[in-house]
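One structure below.
Residue numbers (this note's numbering): 559 to 702.
Below, the structure is given as structure tokens:
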């Protein structure tokens with residue numbers, strides 16, 4: 559029971575199943591007319607952000623966030639509305655678009671409990687934000 563999208567290349571007679579919760583187009587520069595295919599890959603209440611490139615013959619995963627951008631788990635920490643908000647924007651004014659995630663983290667435990675979220679209200683909430691900056695030399699995104 560996973561969300562996903564089926565891509566079909568009729569000319570090459572190939573198909574690709576991408577298990578993403580929703581598609582989010584990503585560009586490297588604001589002036590670009592081409593987009594990368596991206597979205598959140600979710601598993602067991604956690605999700606990472608993946609970016610794929612279509613080369614005409616293959617669909618390859620070119621980036622996966624090391625941090626969770628989605629968290630609806632029953633653990634002690636979740637994100638309000640499950641997914642962090644995503645923006646493909648130039649955060650450091652270098653001319654390249656970055657991957658910016660932000661939202662609210664809800665904390666259900668103080669540290670000693672191991673019961674997690676269950677049906678409780680959060681004990682505290684705190685803004686969370688992080689950015690993956692595009693590196694034109696490495697041609698990928700990373701935290702600085």
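Idealized CB from N, CA, C, for every residue including glycine.
- prompt: Residues in its own chain within less than 8 Å of residue 631 by CB, not counting five upstream and five downstream?
  reply: 602, 603, 604, 674 and 675
message: Using only CA atoms, which one of 600, 589, 686 and 577 lies nearest to residue 655?
response: 589
message: Could you tell me the alpha carbon to alpha carbon distance between residue 607 and residue 598, rounded to whole angstroms?
response: 5 Å
task: Please determine, among 683, 682, 649 and 566, the residue with the shortest C-alpha to C-alpha distance to residue 702.
output: 649
- prompt: According to the neighbour-count rule (16 or more other Cβ atoms, all chains shown, within 10 Å of its Cβ), is residue 566 buried or exposed?
  reply: exposed
message: Closest to residue 665 by C-alpha separation, out of 633, 692 and 583, would be which residue?
response: 633
- request: Measure the alpha-carbon distance for residue 628 versus residue 614 and round it to whole angstroms.
  value: 30 Å
- request: Could you tell me which residues DSSP pairs with residue 605 in its beta bridges?
  value: 600 and 628
Assigned exposure category for residue 559 - 16 Cβ within 10 Å defines buried: Note that residue 559 scores 46 on pLDDT, short of 50, meaning its location in the model is unreliable and no value can be drawn from it.
- prompt: Where do the ends of the beta strand (DSSP E) carrying residue 577 lie?
  reply: Run containing residue 577: none; DSSP gives neither H nor E here.
- request: Closer than 7 Å by C-beta to residue 680: which residues in its own chain qualify, once you throw out the five before and the five after it? Chain order, please.
  value: 664, 665 and 666
Beta strand (DSSP E) segment containing residue 682, residue limits: 682-693
field: residue 610 and residue 662 closer than 8 Å at C-beta
entry: no
message: Strictly by DSSP, which residues pair up with residue 656?
response: 647
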